[in-house]
Amino acid sequence: MVTMTINGTRADGSIIAARATFRLDGKEYHYEGTSPLDTVSVVAQDERSWLSTARKKGQHLSQSTFTVSADGRTLTQQVRGKRSEGGAIDDVQVYERQ
Numbered sequence: 010m011v012t013m014t015i016n017g018t019r020a021d022g023s024i025i026a027a028r029a030t031f032r033l034d035g036k037e038y039h040y041e042g043t044s045p046l047d048t049v050s051v052v053a054q055d056e057r058s059w060l061s062t063a064r065k066k067g068q069h070l071s072q073s074t075f076t077v078s079a080d081g082r083t084l085t086q087q088v089r090g091k092r093s094e095g096g097a098i099d100d101v102q103v104y105e106r107q
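The numbering of the sequence shown is the working numbering, which starts it at 10 and goes up by one.
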């Protein structure tokens, strides 16, 4: 099982505090909290990367590819799709282990 926690602030100042616990099995799992998304499904692509699909009210919103570096110290997330409130997403986020 993997748990993904999302904490942040939207442009309008409202808070995002959500969590989803899932397996890398392609099934849909629900978010808890104040997520702009309803469900996520995730499949492993290989030993260091996985693909997630996010939905809101059954509608496909975005896909993210997560890749862990060979040394395990960096996680890169590439997101493409649309925001739940409208507008396109084409974003890369890089997280480094401290």
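Idealized CB from N, CA, C, for every residue including glycine. Computed from a prediction, not measured in an experiment: that's the story for all the values here.
Taking C-beta atoms as the reference points, residue 84 and residue 63 fail to come closer than 9 Å. If you draw a straight line from the Cα of residue 86 to the Cα of residue 73, it comes to about 6 Å. The three-state reading of DSSP puts residue 38 in strand, counting E and B together. Under the 10 Å beta carbon count, residue 29 is surrounded by 16 or more other beta carbons and is classified as buried.
By the Cβ neighbour-count rule, residue 48 is buried, with 16 or more other Cβ atoms within 10 Å of its own.
Around the beta carbon of residue 104, fewer than 16 other beta carbons lie within 10 angstroms, which makes this residue exposed.
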